[in-house]
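Visitor: Here the protein sequences line up with chains A and B, keeping their order.
Going by our numbering, the first sequence opens with residue 17, and the numbers climb by one from there.
Going by our numbering, the second sequence opens with residue 4, and the numbers climb by one from there.
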Amino acid sequence: MTSPGSAGRRSRLANQLLSYSVPVLAVLGALAIGAVMLAMLGANPFSGFWAMAKGAFGSSGALVETALKSTPLLLVGVGITIAFRANVINIGGEGQMVSGALATTVIALGMTDVPSWIALPLALLAGLVGGAIWGAIPGALKAYFGVNEILSTIMLNVVAVQAMNFLLRAPLIDPKEIERGTRIPQTARLPESTDLPLFVENGRLHIGPFIGVLAAVLVYMLLWRTTSGYRLRAVGQSGDAARYSGMSVERNVVWALTLSGAMAGLAGAILVLGSEGHRMVTDGSTIGFTGSAGFNGIVTALFGGLHPLWTIPSSFLFGGLLVGAIALQRAAQVPTALVLALNGLVVLFVVSLDRYRRQLKEREERSASAIAIDQEGDDGSPPPSGKDLEDG
Amino acid sequence: MADIFTSAVIVATLSSGIRLAVPLLLASVGEAFGQRSGVLNLGVDGIMLLGAFGGYYTTLKTQSPWMGLAAGLAIGMALGLLSSVISVSLLAEQGISGIGVYLFGLGMSDLLFQRLVGTPLPVKSFPKVPIPGLSEIPVLGDLFFNHSLPIYLAFLAVPVSTLIINRTRFGMNIRAVGENPEAADSQGVSVVKVRYAAVTIGGLMAGAAGAVLAVGLGIFQQNLTNAQGFIAIALVYFGAWRPLGVMAGALVYGMVSAVVLLLKTRGIIPLGASDLAAMIPAIITVLALVFAARRFRAPTALTKPFMRGG
Numbered sequence: 017m018t019s020p021g022s023a024g025r026r027s028r029l030a031n032q033l034l035s036y037s038v039p040v041l042a043v044l045g046a047l048a049i050g051a052v053m054l055a056m057l058g059a060n061p062f063s064g065f066w067a068m069a070k071g072a073f074g075s076s077g078a079l080v081e082t083a084l085k086s087t088p089l090l091l092v093g094v095g096i097t098i099a100f101r102a103n104v105i106n107i108g109g110e111g112q113m114v115s116g117a118l119a120t121t122v123i124a125l126g127m128t129d130v131p132s133w134i135a136l137p138l139a140l141l142a143g144l145v146g147g148a149i150w151g152a153i154p155g156a157l158k159a160y161f162g163v164n165e166i167l168s169t170i171m172l173n174v175v176a177v178q179a180m181n182f183l184l185r186a187p188l189i190d191p192k193e194i195e196r197g198t199r200i201p202q203t204a205r206l207p208e209s210t211d212l213p214l215f216v217e218n219g220r221l222h223i224g225p226f227i228g229v230l231a232a233v234l235v236y237m238l239l240w241r242t243t244s245g246y247r248l249r250a251v252g253q254s255g256d257a258a259r260y261s262g263m264s265v266e267r268n269v270v271w272a273l274t275l276s277g278a279m280a281g282l283a284g285a286i287l288v289l290g291s292e293g294h295r296m297v298t299d300g301s302t303i304g305f306t307g308s309a310g311f312n313g314i315v316t317a318l319f320g321g322l323h324p325l326w327t328i329p330s331s332f333l334f335g336g337l338l339v340g341a342i343a344l345q346r347a348a349q350v351p352t353a354l355v356l357a358l359n360g361l362v363v364l365f366v367v368s369l370d371r372y373r374r375q376l377k378e379r380e381e382r383s384a385s386a387i388a389i390d391q392e393g394d395d396g397s398p399p400p401s402g403k404d405l406e407d408g
Numbered sequence: 004m005a006d007i008f009t010s011a012v013i014v015a016t017l018s019s020g021i022r023l024a025v026p027l028l029l030a031s032v033g034e035a036f037g038q039r040s041g042v043l044n045l046g047v048d049g050i051m052l053l054g055a056f057g058g059y060y061t062t063l064k065t066q067s068p069w070m071g072l073a074a075g076l077a078i079g080m081a082l083g084l085l086s087s088v089i090s091v092s093l094l095a096e097q098g099i100s101g102i103g104v105y106l107f108g109l110g111m112s113d114l115l116f117q118r119l120v121g122t123p124l125p126v127k128s129f130p131k132v133p134i135p136g137l138s139e140i141p142v143l144g145d146l147f148f149n150h151s152l153p154i155y156l157a158f159l160a161v162p163v164s165t166l167i168i169n170r171t172r173f174g175m176n177i178r179a180v181g182e183n184p185e186a187a188d189s190q191g192v193s194v195v196k197v198r199y200a201a202v203t204i205g206g207l208m209a210g211a212a213g214a215v216l217a218v219g220l221g222i223f224q225q226n227l228t229n230a231q232g233f234i235a236i237a238l239v240y241f242g243a244w245r246p247l248g249v250m251a252g253a254l255v256y257g258m259v260s261a262v263v264l265l266l267k268t269r270g271i272i273p274l275g276a277s278d279l280a281a282m283i284p285a286i287i288t289v290l291a292l293v294f295a296a297r298r299f300r301a302p303t304a305l306t307k308p309f310m311r312g313g
């Protein structure tokens with residue numbers, strides 16, 4: 017491709033930068049409110065944020081914790097990008113994480129005396145499948161019965177949490193808990209063959225974060241380098257246009273929610289297999305298990321501009337906030353729940369600024385299409401390789 | 004085992020089912036107002052949680068459950084207004100913005116609770132107000148006429164809301180902006196004002212629902228609602244956007260919860276199986292969504308932001 021006219025390029029770049037600045041502004045806005053909240057709670061905002069930053073990124077141990085905390089956010093976030101690109105809203109990350117984790121737990125418990133190279137991939141795959149099923153159901157309900165996916169994913173979160181409580185209190189409960197009579201709703205320690213391999217012996221860093229990054233790259237390639245991904249995005253851009261060109265909107269809606277759920281399910285699998293106790297525990301609520309990652313993943317994806325690759329640094333930032341909050345609690349006795357409240361504010365800022373971002377993007381696309389028309393002479397090939405649909 | 008079929012136990016269970024239905028009922032009737040006007044507020048659970056904390060904390064400090072309820076109403080109204088600004092004025096994507104309100108409420112209520120209260124102290128609940136005469140009727144009296152005031156008011160809200168939506172100018176405007184905002188706008192109805200009002204009513208009722216939940220139980224804890232606000236949103240669909248239908252859905256939830264609680268505390272079903280039973284209303288709701296999707300039409304402009312000339 018020849019380089020486009022420099023004037024057009026400059027304005028396009030400027031618009032692009034401005035449109036990227038929206039999520040950054042959102043986080044800055046949330047942090048500003050966070051600073052006010054810290055001050056009201058009697059903590060110095062500057063030393064508070066400094067303690068957070070140090071706690072999250074200040075040492076190799078901190079970075080490891082941040083990487084571990086950001087993994088579920090990354091995977092759920094990547095799943096959210098798939099759904100949103102296909103114009104379906106997935107609020108069911110929590111339930112999909114739980115169902116993936118349950119599938120992983122069931123399979124892993126049956127893997128005693130199975131070598132690790134079989135047991136571990138199977139356990140991870142079970143998580144993918146468990147989450148995929150929990151995504152496929154609302155997908156099919158939307159595609160074939162016209163059920164609003166926001167509602168069905170919400171309700172499936174509720175079903176998943178009851179299923180978890182049932183399974184962990186009765187059939188899957190650690191037999192020792194019954195012997196002792198303590199009846200803590202948790203499974204037995206999963207077979208060691210399903211432990212996620214560690215990088216340093218007795219260290220904390222397991223391969224979970226790398227699985228997350230790998231999944232993000234694969235999803236990026238799927239969405240922008242394959243026909244199947246092109247179809248997903250085409251359906252997301254305009255269902256009618258996609259239908260006229262012979263694509264099945266229904267099938268793509270199901271596919272998008274299935275993939276989206278699979279990513280959340282994988283997050284659940286890694287949460288169980290990489291947990292310190294190597295077992296699944298419930299406190300009766302989904303967030304007790306997921307730490308709200310099913311919702312926080314939405315924040316991560318929005319901050320990453322609904323782009324799988326940008327979701328990687330985004331999740332690292334939000335994972336860092338979660339880890340930093342623990343340091344903040346130690347330094348200034350501010351409960352970690354502060355971060356959850358700030359995440360909520362980030363969402364509110366992002367969606368409130370979204371119209372402004374869209375205006376900028378439209379301007380950017382107009383200048384981009386002007387460039388594309390300039391170049392049409394030397395490049396006659398049809399576009400389904402997909403770059404032209406990219407807007408993240 | 005047989006003793007659970009005595010009339011006293013049945014009445015007590017049904018009566019607790021009615022109590023358990025009330026937070027859901029209040030939240031989802033309020034949500035119905037917003038949805039009829041074309042705005043989906045997904046933040047109900049967050050508003051309920053903050054209303055619950057506000058209600059609990061105020062009751063703790065003032066010893067008056069009524070002040071607690073007032074605090075819940077005020078917090079709900081403020082958050083309803085905030086939700087309207089975001090959804091109506093800033094035209095945000097309604098499928099996501101409410102998640103922001105939810106996360107904010109979930110985090111903030113927990114933060115405030117830990118900072119201001121710490122150890123859960125029980126508070127005084129609403130006193131029971133037996134209705135003279137009616138509460139003397141055997142069985143029915145205990146079932147319907149021996150509750151606290153907020154419970155009567157919550158059920159009174161059902162016919163009142165039906166009247167407002169179907170029989171008043173304001174209700175007509177709500178329906179108009181929910182079905183065809185362009186037409187309503189051209190008739191001189193302010194789409195923005197009507198939607199602000201409807202969403203704020205929803206927030207108000209969600210705040211009240213939270214306060215009634217927390218003060219009714221006499222406690223607060225992290226994530227007290229445990230997703231009841233989300234269920235309330237689904238119940239609006241379940242009830243086909245009509246207060247009466249919403250009430251039916253809330254009662255199904257309340258009754259099943261009460262029965263599950265009874266079976267669990269009496270040890271009739273093992274602890275684990277009660278979770279399985281608690282799943283039933285959620286599954287019923289999913290089936291109802293499937294049924295309703297074909298049968299009842301959602302307000303045409305639901306989730307669609309309105310911009311003049313846009």
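C-beta: ideal position from N, C-alpha, C; glycine also.
Leaving out five residues before and five after B/G181 in sequence, what residues of the same chain have Cβ atoms less than 6 Å from its Cβ?
Guide: Cβ within range, chain order: R39, S40, G41, P302, A304.
Visitor: Using 8 Å as the threshold, is the C-beta distance between A/Y36 and A/G321 below it?
Guide: Going by C-beta atoms, A/Y36 is nearer than 8 Å to A/G321.
Visitor: Quick check on the DSSP output: the beta strand (DSSP E) that includes B/V132 runs from which residue to which?
Guide: 131 to 133 is the span of the beta strand (DSSP E), which, as asked, contains B/V132.
Visitor: Identify which residue in B/M258, B/G213, B/I167, B/K267 has its Cα closest to the Cα of B/P246.
Guide: Among B/M258, B/G213, B/I167, B/K267, the Cα nearest to that of B/P246 belongs to B/I167.
Visitor: Any beta carbon of chain B sitting closer than 8 Å to that of A/P398?
Guide: Interpretation of A/P398 is limited by its pLDDT of 37, a score under 50 that renders its predicted location unreliable; the figure taken from the coordinates is listed afterwards. Judged by the 8 Å Cβ criterion, A/P398 is not in contact with chain B.
Visitor: Check whether the Cβ of A/P145 lies closer than 8 Å to any Cβ atom in chain B.
Guide: A small correction: the amino acid at residue 145 of chain A is Val; Pro does not occupy that position in the sequence shown. Cβ-Cβ to chain B under 8 Å: no for A/V145.
Visitor: Measuring CB atoms only, is the segment 105 to 125 of chain A touching the segment 307 to 323 of chain A, in the sense that at least three cross pairs come out at less than 8 Å?
Guide: These segments touch.
Visitor: Per DSSP, what kind of secondary structure is A/Q253 in: helix, strand or coil?
Guide: It is helical.
Visitor: Looking at the unbroken beta strand (DSSP E) that takes in A/S132, where does it start and where does it end?
Guide: Run containing A/S132: none in the beta strand (DSSP E); it sits in the alpha helix (DSSP H), 132 to 161.
Visitor: Under 9 Å between beta-carbons, which chain B residues line up against A/P88? List them in chain order, please.
Guide: Neighbours of A/P88 on chain B: none; closest Cβ ~15 Å, over 9 Å.
Visitor: Please state whether the Cβ-Cβ distance between A/L238 and A/A179 is less than 8 Å.
Guide: Not closer than 8 Å, so no.
Visitor: Just verifying my parser: in three-state terms, what is the DSSP assignment at A/L358?
Guide: Correct three-state label for A/L358: helix.
Visitor: Whole angstroms are fine: how far does the CA of A/P201 sit from the CA of B/K131?
Guide: Spanning the two alpha carbons is a distance of roughly 36 Å.
Visitor: Skipping 5 residues on each side, what residues in its chain have a beta carbon closer than 7 Å to that of A/D299?
Guide: Result list for A/D299: empty, nothing under 7 Å.
Visitor: Determine contact between the segment 247 to 258 of chain B and the segment 212 to 223 of chain B, defined as no fewer than three beta-carbon pairs at a distance below 8 Å.
Guide: As far as the Cβ criterion goes, the segment 247 to 258 of chain B does not touch the segment 212 to 223 of chain B, which means the pair count is below three.
Visitor: When the Cα of A/E57 is compared with those of A/S331, A/T306, A/A353, which residue comes out closest?
Guide: For clarity, residue 57 of chain A is Leu in the given sequence; the question names Glu instead. Ranking the options by Cα distance to A/L57, first place goes to A/A353.
Visitor: For B/M310, count neighbouring C-beta atoms within 10 Å of its own C-beta (all shown protein chains included) and say buried if the count is 16 or more, exposed if not.
Guide: Counting Cβ neighbours within 10 Å, B/M310 comes out exposed, since fewer than 16 surround it.
Visitor: Relative to the C-alpha of A/I223, which candidate in A/L212, A/L89, A/V216, A/M53 has its C-alpha closest?
Guide: Closest option to A/I223, Cα to Cα, is A/L212.
Visitor: Step through the CB atoms of chain A and report whether any lies within less than 8 Å of the CB of B/G54.
Guide: So, not an interface residue.
Visitor: Tell me where the beta strand (DSSP E) around B/S151 begins and ends.
Guide: Taken as a continuous stretch (DSSP letters only), the beta strand (DSSP E) holding B/S151 covers 149 to 151.
Visitor: What residue from B/M282, B/G232, B/D278, B/K307 has the CA that sits closest to B/S31's CA?
Guide: Of the candidates B/M282, B/G232, B/D278, B/K307, the one whose C-alpha sits nearest the C-alpha of B/S31 is B/G232.
Visitor: Is the beta carbon of A/L144 sitting closer than 8 Å to the one on A/L287?
Guide: No; because the gap between Cβ atoms is not below 8 Å, this pair is not in contact.
Visitor: Compare the C-beta of A/S276 against all C-beta atoms of chain B and say whether one is closer than 8 Å.
Guide: No, its Cβ sits nowhere closer than 8 Å to a Cβ of chain B.
Visitor: In terms of DSSP beta bridges, what is A/V297 paired with?
Guide: DSSP lists A/Q202 as partners of A/V297.
Visitor: Rounded C-beta distance between A/T87 and A/L136? I'm assuming under 8 Å.
Guide: Rounded, the Cβ-Cβ distance is 16 Å, inconsistent with contact.
Visitor: So B/N226 contacts chain A; which residues on that side make the cut at Cβ distance below 8 Å?
Guide: Result: S301, I303.
Visitor: Just to confirm, are A/S276 and A/I96 a CB contact at a threshold of 8 Å?
Guide: Cβ atoms of A/S276 and A/I96: closer than 8 Å.
Visitor: If you draw a straight line from the C-alpha of B/E185 to the C-alpha of A/I189, how long is it?
Guide: Computed Cα separation, rounded: 57 Å.
Visitor: Quick check on A/L451: does DSSP put it in helix, strand or coil?
Guide: The shown model of chain A, from 17 to 408, leaves out residue 451 of chain A, and the question about it has no answer.
Visitor: Quick check on A/L44: buried or exposed, where buried means 16 or more other Cβ atoms within 10 Å of its Cβ?
Guide: Exposed, because fewer than 16 other Cβ atoms sit within 10 Å of the Cβ of A/L44.
Visitor: For B/L240, decide whether its Cβ has a neighbour in chain A, counting only Cβ atoms nearer than 8 Å.
Guide: In the sequence on display, residue 240 of chain B carries Tyr and not Leu. It does: the Cβ of B/Y240 has a partner Cβ on chain A nearer than 8 Å.
Visitor: Counting only beta-carbon atoms, is A/R185 nearer than 8 Å to chain B?
Guide: Yes, A/R185 lies at the interface with chain B (some Cβ there is under 8 Å from its Cβ).
Visitor: Between the Cα of B/I134 and the Cα atoms of B/G144, B/V126, B/S128, which residue gives the shortest distance?
Guide: Ranking B/G144, B/V126, B/S128 by Cα distance to B/I134 puts B/G144 first.
Visitor: Tell me which same chain residues have a C-beta within less than 8 Å of the C-beta of A/M263, skipping the five on either side of it?
Guide: Excluding residues within five positions, the ones whose Cβ falls inside 8 Å are R247, A250, V251.
Visitor: Let me know the secondary structure DSSP gives A/L41 once reduced to three states.
Guide: It is helical.
Visitor: Could you tell me which whole alpha helix (DSSP H) segments of length 4 or greater appear in the segment 191 to 251 of chain B?
Guide: Runs of the alpha helix (DSSP H) inside the segment 191 to 251 of chain B: 194 to 220, 231 to 241.
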